[in-house]
Amino acid sequence: MDAALAAAICGGVMDAHSMGVGSGCVITINQRKTTQPIREKAPLAANSTMFVDRDNMSVAGGLAIGVSGELRTYEKAYKLFGGGVTWKELFEPTIQLCREGFRISESQCAVI
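To convert, note that position 85 of the sequence shown is 85 in the UniProt record's numbering; the numbers rise steadily by one, no gaps.
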């Protein structure tokens, strides 16, 4: 789990237009006896008609963000199934990458 989370954290920086802190996330842990889905939730004030006749509002803007989002999902998965490294250590390679800089992809360049 730790390696998967560290890779996803890095992906949130390297591919920020597709995933990351402002995104939702689904992690499915399949064990022999149980399956544990972990994902974001709709805001408390959400309702079944909030996107009716509102093109693109479910994919862009504040209403498109789930609560508690990607980092909370990572934290829950880490607490349930990780722990081989500290929470801080999951972020350290990505922090180093950000400090040193990296080339962005053509797709990321296009959306910026």
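We put the CB at the ideal spot given by N, CA and C, even for glycine. Computed from a predicted structure; not experimentally measured.
Nearest to residue i by CA position, among the options, is which residue?
| i | options | result |
| --- | --- | --- |
| A8 | C98, G61, N30 and Y74 | Y74 |
| G24 | F81, L63, T49 and E89 | L63 |
| I112 | A4, A6 and S18 | S18 |
With DSSP run on the structure shown, which of helix, strand or coil describes residue i?
| i | result |
| --- | --- |
| T49 | coil |
| V13 | helix |
| R39 | strand |
| E85 | Per the sequence presented here, residue 85 reads as Val, with Glu not at that position. Of the three classes helix, strand and coil, the one that applies to V85 here is coil, per DSSP. |
I believe residue i touches residue j by the beta-carbon criterion, under 8 angstroms. Please report the beta-carbon distance rounded to the nearest angstrom.
| i | j | result |
| --- | --- | --- |
| M14 | F102 | 7 angstroms |
Excluding the five sequence neighbours on either side, which residues of its own chain have a C-beta within less than 6 angstroms of the C-beta of residue i, listed in chain order?
| i | result |
| --- | --- |
| V85 | D2 |
Tell me whether residue i is buried or exposed, calling it buried when 16 or more other Cβ atoms sit within 10 Å of its Cβ.
| i | result |
| --- | --- |
| G61 | exposed |
| A77 | buried |
| L5 | buried |
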